[in-house]
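In what follows, a single structure is set out as structure tokens and then discussed.
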Amino acid sequence: MVYEPKVTQQEIEDNHKFFEERQRYYREKGLDFHKNRQFILEKTGRLNGRILEIGSGKGKTAVFLTRSGYDIVSVDTNEEMLKMAALNLAYENLLQKAELHVMDAYSLAFKDKSFNNVIMIEALHHIEDINGLFSELDRVLKDKGTLVLSDFNEKGMEIIDESHRQDGGVHENVHEDSFRGKEAANKWMHEKGYSIKSYEDSCHWVLVAKKQNKGRD
89 MVYEPKVTQQ EIEDNHKFFE ERQRYYREKG LDFHKNRQFI LEKTGRLNGR
139 ILEIGSGKGK TAVFLTRSGY DIVSVDTNEE MLKMAALNLA YENLLQKAEL
189 HVMDAYSLAF KDKSFNNVIM IEALHHIEDI NGLFSELDRV LKDKGTLVLS
239 DFNEKGMEII DESHRQDGGV HENVHEDSFR GKEAANKWMH EKGYSIKSYE
289 DSCHWVLVAK KQNKGRD
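Note that the working numbering has the sequence shown beginning at 89, numbered continuously upward.
Shown next, in the form of structure tokens:
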């Protein structure tokens with residue numbers, strides 16, 4: 089289902105103030121989301137063709153990609169998160185460059201080989217069924233397409249967990265630690281014949297994988 093946000097200017101401004109405060113807090117702790125996205129795009133090089141983002145979250149990746157000149161499709165099951173992503177995109181006057189969907193990544197409503205690139209950042213540690221997820225990502229990714237995965241390393245996860253504790257909450261729906269998720273993703277892609285390059289910045293690990301040509305589109 090396409091998500092069509094209804095937001096007011098006051099909501100956009102209030103959300104941006106809170107969002108910037110949170111980003112400042114994380115930077116002071118050593119976790120810079122903007123620099124991480126820059127690092128990822130340096131490793132992928134220019135992305136050509138259609139881009140699908142799995143896990144819109146608050147829109148950090150969507151804003152970075154659209155600000156960098158890309159049009160994207162972004163999906164999330166959580167409408168509250170999609171609204172925050174929409175608010176952050178709207179503040180930058182970039183909402184028209186992102187097509188948002190309420191959608192389950194385990195059952196994507198897109199045709200086979202619909203996208204040249206699939207990107208998933210800071211969401212893998214929430215995934216319960218990695219094999220099921222990657223089977224679906226592989227289905228919608230074109231041959232010779234690029235699959236980009238990134239999530240928190242140990243330092244990054246410590247900062248995130250500390251933030252949740254200070255807010256009086258917990259990091260919800262964490263099914264396994266990020267490093268084990270990386271190992272499982274790497275194993276799955278290796279078995280499927282992807283060529284994989286692995287990187288790490290201060291608070292994240294990054295996998296950039298190329299899908300083999302399995303036949304004509």
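Cβ coordinates follow ideal geometry from the N, Cα and C atoms, glycine included.
### Query
Does the Cβ of Y91 have 16 or more other Cβ atoms within 10 Å, making it buried, or fewer, making it exposed?
Here residue 91 corresponds to residue number 3 of the sequence shown, with the count starting at 1. Flag for Y91 reads buried.
### Query
Does the segment 241-252 come close enough to the segment 173-187 that 3 or more CB-CB pairs lie under 8 Å?
Output reads no: the segment 241-252 does not touch the segment 173-187.
#### Entry: Strand pairing of H292, partner residues [DSSP]
Here residue 292 refers to the residue found at position 204 of the sequence shown. DSSP lists F240 as partners of H292.
### Query
By how many angstroms is the C-alpha of Y113 removed from the C-alpha of I100?
Residue 100 sits at position 12 when you count from the first residue of the sequence shown. Residue 113 sits at position 25 when you count from the first residue of the sequence shown. Looking at the two C-alpha atoms, the distance is approximately 20 Å.
### Message
Quick check: V193 and I215, are their CB atoms within less than 9 Å of each other?
### Response
Residue numbering aside, residue 193 sits at position 105 when the sequence shown is read from its first letter. Residue numbering aside, residue 215 sits at position 127 when the sequence shown is read from its first letter. Note that residue 193 corresponds to Ala in the displayed sequence, not to Val. Result yes, Cβ atoms of A193 and I215 sit closer than 9 Å.
### Query
Just to confirm, are V236 and L295 a CB contact at a threshold of 9 Å?
Residue 236 sits at position 148 when you count from the first residue of the sequence shown. Residue 295 sits at position 207 when you count from the first residue of the sequence shown. Yes, these two residues count as a Cβ contact at 9 Å.
### Query
Alpha carbon to alpha carbon, what distance is there between H213 and D226?
Position 138 of the sequence shown, counting from 1, holds the residue named residue 226. Position 125 of the sequence shown, counting from 1, holds the residue named residue 213. Pairing D226 with H213, the inter-Cα distance amounts to about 19 Å.
### Query
Under three-state DSSP, which class holds S223?
Residue numbering aside, residue 223 sits at position 135 when the sequence shown is read from its first letter. S223 sits in a helix when the DSSP states are folded into three classes.
### Query
Would M89 be called buried (16 or more neighbouring beta carbons within 10 Å of its own) or exposed?
To locate residue 89, count along the sequence shown from 1; it is residue 1. Exposed.
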